[in-house]
Amino acid sequence: MRLLGFCVVAVAAVAVVTPLYTHPPVHAAETPVTWSRQIAPLVYRNCAACHHPGGAGPFSLLAYSDARRRGRQILEVTQSRYMPPWLPAPGYGDFADARRLNDEDLALIKKWVESGMPEGNPAETPPPPHYDATWQMGKPDLILSIERPWTLKASGSDVFRNFILPYPLAQTHYIRAMEILPGTPQVVHHANVLIDRTASFRRQHPGEWKDGVPGMELELDAGNTFDPDSHFLFWKPDTPLLVEPPGMTWRLDPGNDLILNMHLKPSGKSETIDAQIGLYFADKPATRHPMLLQLDDDRDLDIPAGDRNFVVHDELTLPIDVEVLGIYPHAHYLGHVLEGWAILPNGQKKWLIRIPNWDIDRQSVYRYRNPVFLPRGSVLHMHYAYDNSDANVHNPNSPPIRVRAGNRSVDEMAHLWVQVLPVNVPKGSPDPRLLLEQAWMEHRLSREPGDSIALYDLASAEAGLGRYSEAAAAYRKLLRADPGDSRTLNSMGAALDKAGDAAGAKEAFRQAIAADSGNCDARFNLGSIELKHAVFDEAEHQFREMLARCPADAAARSGLGVALAGEGRDAEAAGEFQSALTLDPQNFTALYHLGEMAIAAGRPGDAIDFLLAASKQNPNDIDTRERLAMALAQSGRSADALVQLREAELLAPDSADLHALLSQLLAETGQLREAIDEQNEALRLQPRDADGWNSLGVLEARIGKPDAARLDFQHALQLEPGDAQARANLAQLPPQ
Ligand code: HEC
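With the working numbering applied, the sequence shown covers 1095 to 1830.
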């Protein structure tokens, strides 16, 4: 069935899919290219995802009769590479799911059409792929629908509409896959899903959000926690299902909204948009945290009418090693040649993408077949050329007009989003995404010193990196321009607190609350700072005030619990911890304190459950490990307790308390020599601990070394002459 010499190349490429290609080559003249043998598999693989009944393509290509009827047209659009739709040039980035026919495929189509499109033996046609309008991975764990179906008019220009889908659950969930059923794929050109952590967009449009809000781009308020955008949640007709790589789930919290940002094209008849988003939950939070970086140069976009080659550029130096996972170039109708590359520290140029003929209708996120490693010091480049002449068939204006940046489709945009995963992160470093954020914001400020959002984000990154004074200084700078900004006041308070200035911090929180009595974060922070200084009644007051406004906040509930426990009101405290867990079963504070309370109440079994769950949330927390070890020891599980303490010791080798605790447990299980080693280690770290010397003496005495024990007790008494325990122990030793 092989006709031409170069078809041999196709053997390796397609043999997996169609075993037919593994037949030995036969002479050309005897075996024509047929639908059943070569063309159907090719079409099913490259075209059918859109060209099936109900798909995004204007007609189905599943049956021989369908394809035959359009043979000529198929030949044309494939030779011109108009189909399948695929913008990136080959050789400039190796993308997964690249939809690009190779020369062999093109030759097969040509031969087939020119030889009269024979069907071949219908019995040999592989079964066509199956598509239906239901969920590909089975019923999702959660289905969100737009509030009200919306009618797209029969005609007119493109429509960009944002539908808001509030996350309705009271618990946090981690998402491993998402599928979008747009309802009417024929009119949906692409869609983005954005996570609005603070429901800010809904608040901006209280009256209209249920019907969707027009607009091509939108600005969302990310809130105060560092939680950068991390995933491309992008829908296009042929890939409605997004499955995240292992360990890279994304999170939805109570109070979040999903925003479905749709690009719609009128089809000639009016259509009802009734989209649904299906979400599949994972049981674990992410272990790997990618981040989306944005290069952009909107501020330079001012494109004269008729300009055929208007160029903008941006670049960003990477402060850490990363792997690039995906890329999303974005311009509107005048974009022409869109390029992204990296210059490595050794000067080498690594292409990330090149789109020689941009078409907004075909925009897409591109994911690399293999992650692209970029060492620290590499410079990311965005380089876009625009064509605002009549030669650009996409130009919405004839004659052309001057075009500037903006979020309407008649405006322009120059964005390049890059999804990067920090790699080679030294153990114990702060979240590496903070370094990316810092570099990114410093870069933005270098171009636009008055960019207050960048300054705010830079300050937050500095705080996250532990550079609290720098952070406070940056917040102060922001406050000079806007002294009554409640959020900045709150953030400054947090930075001052961390920098050790408790009084300044409280003052800032109070000002934040005065500026906006509904600033729950400031109340929470004021409550927490009072807790830290054991002013429990004041803390209780702040948490209660906060809960009156934000009743569903698990952190405030558990904060209130801690305050009540501090006031000795344990039963009420336990109640608050329990309600915190109903809101968020993974709330660390609640789990930890319920565990501690169970130990105190002599219920080590319950304590173990709580503390294991707490430790899962916060595996590096030494206190949790210590408490867990105590609970395990109390329920007779000394070996498990030892494991916990040994792991804790690895995390904090210089904790004297930990060595002392280990010593105690070893002594209880009769391992006296090991116990002595641990106690010696504890005393090496904390030599002025009288109790510790006393404990060491007891151990020495137990292994029959009264002389050593005597020295230890004397040492304890030297440090603390009133140490009755050491004195009694000394008296009990046999005379010298
Ligand atoms: C990602 C979805 C998608 C894939 C994959 C795809 N098409 Fe299309 N196709 C479309 C859409 C949408 C249209 C109509 C709008 C347009 O022209 O973009 C179209 C239009 C066409 C047309 C009509 C062109 C015209 O000028 O009216 C032909 C013929 C066609 N496709 C053939 C193919 C073939 C052959 C393949 C595979 C080699 C293919 N398509 C793959 C989405 C797709």
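Every residue, glycine too, gets a C-beta built ideally from N, C-alpha and C.
Computed from a prediction, not measured in an experiment: that's the story for all the values here.
Rounded to a whole number of angstroms, what is the C-alpha to C-alpha distance between C1849 and G1689? Because the chain here runs from 1095 to 1830, residue 1849 falls outside it and cannot be looked at.
Give every residue of the same chain whose Cβ lies closer than 6 Å to the Cβ of A1376, excluding the five residues on either side of it in the sequence, and list them in chain order. Result list for A1376: Y1268, R1270, T1343, in chain order.
Following a CB-centred definition, is M1211 positioned closer than 7 Å to any heavy atom of ligand 1? Not so, every heavy atom of ligand 1 lies at least 7 Å from the Cβ.
Is A1567 near ligand 1 - that is, is its Cβ less than 7 Å away from at least one heavy atom of it? Between ligand 1 and A1567, a heavy atom-to-CB distance of less than 7 Å is absent.
May I ask you to verify whether the stretch 1401–1415 touches the stretch 1504–1517, counting CB pairs closer than 8 Å and requiring at least 3? These segments touch.
Go ahead and pull the three-state DSSP assignment for E1542. Coil.
Which residue comes first and which comes last in the beta strand (DSSP E) that contains F1254? Start and end: 1253–1260.
Cβ of Q1167 versus every heavy atom of ligand 1: is any distance shorter than 7 Å? Yes, ligand 1 has a heavy atom inside 7 Å of this Cβ.
Please classify I1353: does DSSP put it in a helix, a strand, or coil? Of the three classes helix, strand and coil, the one that applies to I1353 here is strand, per DSSP.
For the stretch 1441–1460 against the stretch 1366–1375, do three or more pairs of beta-carbon atoms, one drawn from each stretch, fall closer than 8 Å, so that the two count as touching? No contact exists between the stretch 1441–1460 and the stretch 1366–1375.
Using 8 Å as the Cβ pair cut-off and three pairs as the minimum, do the stretch 1156–1169 and the stretch 1236–1246 touch? In the pairwise beta carbon analysis, the stretch 1156–1169 is classified as not touching the stretch 1236–1246: fewer than three pairs are separated by under 8 Å.
Within 7 Å: the Cβ of P1179 and any heavy atom of ligand 1? P1179: yes, Cβ under 7 Å from ligand 1.
Look at the Cβ atom of A1674, then the Cβ atom of N1681, and state whether they are nearer than 8 Å. Their beta carbons are under 8 Å apart, which means A1674 touches N1681 by this criterion.
For the beta strand (DSSP E) holding E1409, just list the boundary residues, first then last. 1404–1411 is the extent of the beta strand (DSSP E) around E1409.
Pair within 8 Å by beta-carbon distance, V1459 and Y1427: No, the Cβ-Cβ distance between V1459 and Y1427 is not below 8 Å.
Enclosing beta strand (DSSP E) for H1267 [first to last residue]: Going by DSSP, H1267 is part of the beta strand (DSSP E) stretching over 1267–1275.
Beta carbon of N1140: closer than 7 Å to some heavy atom of ligand 1? Yes; taking the cut-off as 7 Å, the Cβ of N1140 has a heavy atom of ligand 1 nearer than that.
By alpha-carbon positions, which one of W1206, P1182, H1146 ends up nearest to R1131? Nearest in C-alpha terms to R1131, of all of W1206, P1182, H1146, is W1206.
Checking the sheet assignment: what are the DSSP bridge partners for M1385? V1514, per the DSSP bridge assignment.
Nearest to P1182 by CA position, among Y1462, T1333, K1204, Y1569, is which residue? Ranking the options by Cα distance to P1182, first place goes to Y1462.
Please name the residue or residues paired with D1390 in a DSSP beta bridge. Answer by DSSP bridge pairing, in chain order: H1509.
Could you check what DSSP says for N1196 in three-state terms: helix, strand or coil? It is coil, neither helix nor strand.
Assigned exposure category for E1775 - 16 Cβ within 10 Å defines buried: E1775 is buried by the Cβ-count criterion.
Against chain B, with Cβ distances strictly below 8 Å, would W1229 count as a contact? Of the protein chains in this structure there is only one, and it is not chain B.
V1337 burial status per 10 Å Cβ neighbour count (16 or more: buried): Note on V1337: under 16 other CB atoms within 10 angstroms of its CB, so exposed under the neighbour-count rule.
Could you please give me the residues that DSSP links to P1423 through a beta bridge? P1423 is bridged to L1510.
Expressed to the nearest angstrom, what Euclidean distance is found between the alpha-carbon atoms of P1178 and Q1513? P1178 and Q1513: Cα-Cα distance of roughly 25 Å.
Using only CA atoms, which one of A1708, D1347, D1394, A1665 lies nearest to A1499? Checked all of A1708, D1347, D1394, A1665; the closest Cα to A1499 is D1394.
To which residues of the same chain is A1735 closer than 7 Å at the C-beta, ignoring the five residues directly before and after it? Within the same chain, A1735 has close Cβ partners A1723, L1726, A1727, L1759.
In this structure, how does DSSP classify W1244 when only helix, strand and coil are distinguished? If DSSP states are grouped into helix, strand and coil, W1244 belongs with the strands.
For a test of the three-state rule: what should DSSP assign to N1619, helix, strand or coil? Under the three-state reduction of DSSP, N1619 is assigned to helix.
For L1472, tell me which candidate among Y1480, I1437, V1497 has the shortest Cα-Cα distance. The sequence shown places Ser at residue 1472, rather than the Leu named in the question. If you compare the alpha carbons of Y1480, I1437, V1497 with that of S1472, the shortest gap goes to I1437.
Measure from the alpha carbon of R1382 to the alpha carbon of each residue in R1617, I1289, I1353, P1339, then state which is nearest. Ranked by Cα distance from R1382, the first of R1617, I1289, I1353, P1339 is P1339.
Check whether the stretch 1273–1293 and the stretch 1350–1365 touch, using three or more Cβ-Cβ pairs below 8 Å as the test. Yes, the stretch 1273–1293 is in contact with the stretch 1350–1365.
Of the choices P1524, G1362, D1455, A1602, whose alpha-carbon is the least far from that of H1424? Taking the Cα of H1424 as reference, the smallest distance to any Cα among P1524, G1362, D1455, A1602 is reached at D1455.
Could you spell out the range, first to last residue, of the beta strand (DSSP E) harbouring E1433? From DSSP, the beta strand (DSSP E) with E1433 extends over 1429–1437.
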